[in-house]
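Everything on this sheet refers to the single structure shown next.
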Amino acid sequence: SRKKLTSTTGLLSDDYLQRNAAGDSTISMADYAIALVDEILDKQHEKQHISVVSR
């Protein structure tokens, strides 16, 4: 089964800068790739700005 970002390693938000519990706004390349594939396959946020940040 496919790993989903929001349920495992990251947080999904709108187009505002988000920070994790440590106060950082970062994401690994692997987590970013997972989020990108999630959006391509699931089409949950069509025509919307989104941001992702590692937990």
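No gaps in the numbering here: position 34 of the sequence shown is 34 in full-length UniProt numbering, and each next residue is one more. For glycine and all other residues, C-beta sits at the position ideal for the given N, C-alpha and C. Every value quoted in this text rests on a predicted model; they were computed, and no experiment measured them.
Out of 29, 10, 15 and 33, point me to the one whose CA is closest to residue 21's CA.
-> 10
Is residue 52 near residue 26, with beta carbons less than 8 angstroms apart?
-> no
Bridge partners of residue 28, per DSSP?
-> In the DSSP output, where bridge partners are listed per residue, residue 28 has none listed.
What's the call for residue 30, buried or exposed, on a 16-neighbour Cβ count within 10 Å?
-> exposed
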